[in-house]
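Going down the list, the sequences are from chains A and B. All you need for our numbering is the position in the first sequence, starting with 1, plus 3. All you need for our numbering is the position in the second sequence, starting with 1, plus 3. Heads up, the beta-carbon is just placed ideally off N, CA and C, and yes, glycines get one too.
2 protein chains.
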Amino acid sequence: MTKNIAVVAVGQTKFGELWEHSLRDIVIDAGNSCFNDANTQMSGFERKIIDNLVVGNMGGGSFVNQGHLGPLVSSALGLGNIPAVRCEGACASSALAFRHALHTMQAGKSHVSMVLGVEKMTDVDPSRALNILMEAGDFESESMAGLTFAGLYALMARKHMHDFGTTREQLAMISVTNHKNGKQNPLAQFRSETTVDTILKSSMIADPLALMDCSPITDGGAAIILMTEDAVKKYAIKNPVWIAASACGTDNIIYHQRKSLTELQATLSAMKQIKEQGISEKDINFLEVHDCFSINELVALEDLGFCKKGQGGKFVENNEIALNGSIPTNTTGGLKSIGHPVGATGARQIVDAAKQLRGDSINQLKTPQNGLCLNIGGIGSTAVIHVLSKNKPDVR
Amino acid sequence: MTKNIAVVAVGQTKFGELWEHSLRDIVIDAGNSCFNDANTQMSGFERKIIDNLVVGNMGGGSFVNQGHLGPLVSSALGLGNIPAVRCEGACASSALAFRHALHTMQAGKSHVSMVLGVEKMTDVDPSRALNILMEAGDFESESMAGLTFAGLYALMARKHMHDFGTTREQLAMISVTNHKNGKQNPLAQFRSETTVDTILKSSMIADPLALMDCSPITDGGAAIILMTEDAVKKYAIKNPVWIAASACGTDNIIYHQRKSLTELQATLSAMKQIKEQGISEKDINFLEVHDCFSINELVALEDLGFCKKGQGGKFVENNEIALNGSIPTNTTGGLKSIGHPVGATGARQIVDAAKQLRGDSINQLKTPQNGLCLNIGGIGSTAVIHVLSKNKPDVR
Chain A
4 MTKNIAVVAV
14 GQTKFGELWE
24 HSLRDIVIDA
34 GNSCFNDANT
44 QMSGFERKII
54 DNLVVGNMGG
64 GSFVNQGHLG
74 PLVSSALGLG
84 NIPAVRCEGA
94 CASSALAFRH
104 ALHTMQAGKS
114 HVSMVLGVEK
124 MTDVDPSRAL
134 NILMEAGDFE
144 SESMAGLTFA
154 GLYALMARKH
164 MHDFGTTREQ
174 LAMISVTNHK
184 NGKQNPLAQF
194 RSETTVDTIL
204 KSSMIADPLA
214 LMDCSPITDG
224 GAAIILMTED
234 AVKKYAIKNP
244 VWIAASACGT
254 DNIIYHQRKS
264 LTELQATLSA
274 MKQIKEQGIS
284 EKDINFLEVH
294 DCFSINELVA
304 LEDLGFCKKG
314 QGGKFVENNE
324 IALNGSIPTN
334 TTGGLKSIGH
344 PVGATGARQI
354 VDAAKQLRGD
364 SINQLKTPQN
374 GLCLNIGGIG
384 STAVIHVLSK
394 NKPDVR
Chain B
4 MTKNIAVVAV
14 GQTKFGELWE
24 HSLRDIVIDA
34 GNSCFNDANT
44 QMSGFERKII
54 DNLVVGNMGG
64 GSFVNQGHLG
74 PLVSSALGLG
84 NIPAVRCEGA
94 CASSALAFRH
104 ALHTMQAGKS
114 HVSMVLGVEK
124 MTDVDPSRAL
134 NILMEAGDFE
144 SESMAGLTFA
154 GLYALMARKH
164 MHDFGTTREQ
174 LAMISVTNHK
184 NGKQNPLAQF
194 RSETTVDTIL
204 KSSMIADPLA
214 LMDCSPITDG
224 GAAIILMTED
234 AVKKYAIKNP
244 VWIAASACGT
254 DNIIYHQRKS
264 LTELQATLSA
274 MKQIKEQGIS
284 EKDINFLEVH
294 DCFSINELVA
304 LEDLGFCKKG
314 QGGKFVENNE
324 IALNGSIPTN
334 TTGGLKSIGH
344 PVGATGARQI
354 VDAAKQLRGD
364 SINQLKTPQN
374 GLCLNIGGIG
384 STAVIHVLSK
394 NKPDVR
């Protein structure tokens, strides 16, 4: 049996402040969006072919008093008594859910799996939301000390500036690019272009990160259907997008105990695993990276090997990440423009990467062959990478 | 490559009100207990051979403001930058974590995995704890209506009494048996024997369930190391306990929407999957079942096929679940006596089942060959079954 697994259908809700939508509404909208896509990819799709469900969600218990999303999603979508489980790894929750489904299928325990990432963040006031997000950091040494994630990433940005001369302008250019790409995205939370000047003048949140360096608080969901190679054949899928590689790395959850503040060992470890699976950064035509804060996209470009450590600022300044640059990044708007419903973002990255490879992205690149998605949890305590490919790999 | 996977080392903390232990302390104690056991099962154990970690936890975010337990546990135990993820399915979280590790290994992506279940419940006051536990139910239709899990299971008990003539005395005999077994367990929260009369006279919590029908609020952790068959050979493990079958079923999270209130479709679905893997109830020598409330153990005996639907009361009355009965159940005390740290219970069940099969249980049965663990989430919205075996199966 081959271990080749493909993404065969994708969907997502509008991302934004969905005041009139409950968590369950978002689940149903994301699911239906994916089922509709499945109907375009095969004839006679029925949801009963789905035999396994993995949900990605960070904080349903804290945000809306709702945990146990495996059976909630399964019953809301009418999937029956199938195996269902939730994976959590902070903002990397739904990439971890995707990875769980992948392993279950590669183990031969599922032929058709669904992955659904969801978060409902706006039912609590923003200060409470920041506290809930800090569940992703270390409570004893970070949350209790008053740190927020903007504060943690500001430490990373300040250290990067100090060590490598990175500038606020260079960081701002990341948000400018993401907003430019997101302007075309009808499902994005913010569809306006912005400028370096506007970003520099926006309210300071945690020096040196200003408001427009930060991704927003967002409600939203994204869903994916996966099939084994046998099922892809059986159901005559039109446009399968193959999973060429999967990796996960972790690091000390306590940021100040790490050996470097500007290099994420979790990403380095995950990228090393990707290389061991035969894929290097040279094979990649576009990126989905985790710009929860502008500095995190810059550090990702370095840690993934697209430029040398410390050269991220220059790399961005040279427009290498633009749609017509050497490595188009966050082609649909990234977390900054699309929004960041934390447990849904990893799935949304895969949705957008799959569309790019199928040829139906809102900012379609010319014949991309491979795309890499990097989903980060906390301040880089978890890093999950998936490489998607237009071409069938030979995964063992 | 064979897909045989074995439990090679197990450990757990004392279960109870661990006022002087933080979540991290419990993680470290559970991990060290497992590492110590690993040292008795092989020579030269080093934790660096562990290449994958899956954590089971229900409500760290709500109980102690701490999510993102993958990297927290990995760093607390010195496991390095390995892949790590948390699984959640309410009180079935750590059986789901175990199942995730199993699939990752069967997919060929890990040779030596660790599963750790943990819950720290006593840092909030009991009324808040009940609200947090209701995250496992449906918020919109159950929690908002004022239901607690004692209330939900009371509905199940009342309906079972109505339909089948089950008595409070029969339910009480389940707690009597669990307390009798748990008296020998040095790690149990309650080590006192009790009587039917004491149980009937204990405070009514949710009619017909009295205090002594209910498992307690507990802190605790349990940990397991798994190996592939190749690794078992490589490290010359003394007493591997093999995983003969794994299954997960789910049901509508909304209890009143189900077709039956006294039969859990999730358990029926999971047991059907177990039978498809070639194992029936006749092969099982002892059980670990989920007696969060006495009625749930009774319903489990029926749904797993050890007696007919409605006959659970009589079955218990005939002492069939005693250590010398036809199917010894919860031989070390069950959730009622050992305690129920919700995200750790599924792992603790596997720890105790593995010890029973290795021959070093505190209430050792004579040469048991196969044990079945049933871990339930919510009011049976999730059911996870694992069958452990002394004998090497041929899992495909």
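Through-space distance from residue j to residue i, alpha-carbon basis
| i | j | result |
| --- | --- | --- |
| ILE228 (chain B) | LEU212 (chain A) | 43 Å |
| ASN84 (chain A) | LEU105 (chain B) | 21 Å |
| THR170 (chain B) | LEU307 (chain B) | 21 Å |
| LYS393 (chain B) | GLY281 (chain B) | 16 Å |
| SER205 (chain B) | CYS376 (chain B) | 29 Å |
| ALA87 (chain B) | SER116 (chain B) | 10 Å |
| ARG351 (chain A) | ASP286 (chain B) | 45 Å |
| GLY140 (chain A) | ILE240 (chain A) | 41 Å |
| ILE382 (chain B) | SER297 (chain A) | 44 Å |
| ARG194 (chain A) | PHE318 (chain A) | 25 Å |
| VAL30 (chain A) | ASN7 (chain B) | 36 Å |
| GLU284 (chain B) | ALA110 (chain A) | 25 Å |
| VAL398 (chain A) | ALA248 (chain A) | 8 Å |
| GLU323 (chain A) | CYS310 (chain A) | 10 Å |
| LYS51 (chain A) | GLY34 (chain A) | 13 Å |
| ASP28 (chain A) | HIS103 (chain B) | 28 Å |
| GLY374 (chain B) | HIS389 (chain A) | 38 Å |
| GLU20 (chain B) | ILE256 (chain B) | 30 Å |
| GLY81 (chain B) | THR231 (chain B) | 22 Å |
Residue range of the unbroken alpha helix (DSSP H) whose run includes residue i
| i | result |
| --- | --- |
| SER130 (chain B) | 129–136 |
| GLU446 (chain B) | Past the boundaries of the shown model lies residue 446 (chain B); chain B is included only from 4 to 399, so the question cannot be answered. |
| ASN299 (chain B) | 297–306 |
| VAL10 (chain A) | First-last for VAL10 (chain A): 8–15, but that is the beta strand (DSSP E), not the alpha helix (DSSP H). |
| PHE152 (chain A) | 152–167 |
| PHE318 (chain B) | 315–320 |
| ILE400 (chain B) | Absent from the model: residue 400 (chain B). The displayed extent of chain B is 4 to 399, so no value can be given. |
| GLY383 (chain B) | Segment: none, GLY383 (chain B) is in no alpha helix (DSSP H) and carries neither H nor E. |
8 Å Cβ cutoff, residue i in contact with chain E
| i | result |
| --- | --- |
| GLN280 (chain B) | No chain E appears in this structure, whose protein chains are A and B. |
Contact list for residue i against chain A, beta-carbon separation under 8 Å
| i | result |
| --- | --- |
| LYS237 (chain B) | In chain order: nothing, as chain A lies at least about 20 Å away. |
| HIS182 (chain B) | Near HIS182 (chain B) there are no residues of chain A at all, since even the closest Cβ is about 29 Å away, more than 8 Å. |
Contact set between residue i and chain A, taken where Cβ atoms lie within less than 7 Å
| i | result |
| --- | --- |
| HIS106 (chain B) | HIS106, THR107, ALA110 and LYS112 |
Residue i: contacting residues in chain A (beta-carbon distance under 9 Å)
| i | result |
| --- | --- |
| SER272 (chain B) | GLY83, ASN84, ILE85 and PRO86 |
Boundaries (first-last residue) of the beta strand (DSSP E) holding residue i
| i | result |
| --- | --- |
| ARG89 (chain B) | 87–91 |
| ASN373 (chain A) | 373–380 |
| VAL199 (chain B) | First-last for VAL199 (chain B): 199–204, but that is the alpha helix (DSSP H), not the beta strand (DSSP E). |
Residues that residue i contacts on chain B, provided the C-beta gap is smaller than 8 Å
| i | result |
| --- | --- |
| ALA269 (chain A) | PRO74 and ASN84 |
| MET61 (chain A) | GLY70 |
Neighbour list for residue i in chain B, Cβ cutoff strictly below 7 Å
| i | result |
| --- | --- |
| LEU99 (chain A) | VAL88 |
Amino acids of chain B, ordered along the chain, whose beta-carbon sits closer than 9 Å to that of residue i
| i | result |
| --- | --- |
| HIS24 (chain A) | Neighbours of HIS24 (chain A) on chain B: none; closest Cβ ~13 Å, over 9 Å. |
Q: Determine contact between the segment 133–152 of chain A and the segment 31–49 of chain A, defined as no fewer than three beta-carbon pairs at a distance below 8 Å.
A: no
Q) Are there three or more Cβ pairs, one per stretch, closer than 8 Å when the segment 213–228 of chain A is compared with the segment 113–130 of chain A? A) yes
Q) Looking at chain A, which residues of the segment 125–148 of chain B have a Cβ within less than 8 Å of any of its Cβ atoms? A) ASN134, ILE135, MET137, GLU138, ALA139, GLY140, ASP141, PHE142, GLU143 and SER146
Q | Against chain B: residues of the segment 63–97 of chain A by CB proximity under 7 Å | A | GLY64, SER65, VAL67, ASN68, GLN69, GLY70, HIS71, GLY73, PRO74, LEU75, SER77, SER78, ASN84, ILE85, PRO86, ALA87, VAL88, ARG89, CYS90, GLU91, GLY92 and ALA93
Q) Can at least three beta-carbon pairs, one atom from the segment 328–335 of chain B and one from the segment 346–366 of chain B, be found at a separation below 8 Å? A) yes
Q) Do three or more CB pairs link the segment 12–19 of chain A to the segment 346–355 of chain A at distances below 8 Å? A) yes
Q.
At a CB distance below 9 Å, what residues from the segment 252–264 of chain B approach chain A? Give them in sequence order.
A. GLY252, THR253, ASP254, ASN255, ILE256, ILE257 and GLN260
Q: Check distances from the C-beta atoms of the segment 361–381 of chain A to those of chain B and list, in chain order, the residues that come in under 7 Å.
A: GLY380 and GLY381
**Q.** Members of the segment 343–357 of chain B that neighbour chain A once the beta carbon cut-off is set at 7 Å
**A.** none
Q: Identify each residue in the segment 382–399 of chain A for which the Cβ-Cβ distance to at least one residue of chain B is less than 7 Å, and report them in chain order.
A: SER384 and THR385
Q: Name, going along the chain, the residues of the segment 194–223 of chain A whose beta-carbon falls closer than 7 Å to a beta-carbon of chain B.
A: none
Q: Could you tell me whether the segment 89–99 of chain A touches the segment 52–64 of chain A, using the rule of 3 or more Cβ pairs below 8 Å?
A: yes
Q) Per the contact definition of three or more C-beta pairs closer than 8 Å, is the segment 263–275 of chain B in contact with the segment 152–164 of chain B? A) yes
Q | Contact list for the segment 161–179 of chain A against chain B, Cβ threshold 7 Å | A | none
Q: Give, in chain order, every residue of the segment 287–312 of chain B whose Cβ lies closer than 9 Å to some Cβ of chain A.
A: none
**Q.** Stretch-stretch touch, CB-based, cutoff 8 Å, three pairs: the segment 127–136 of chain B with the segment 127–135 of chain A
**A.** no
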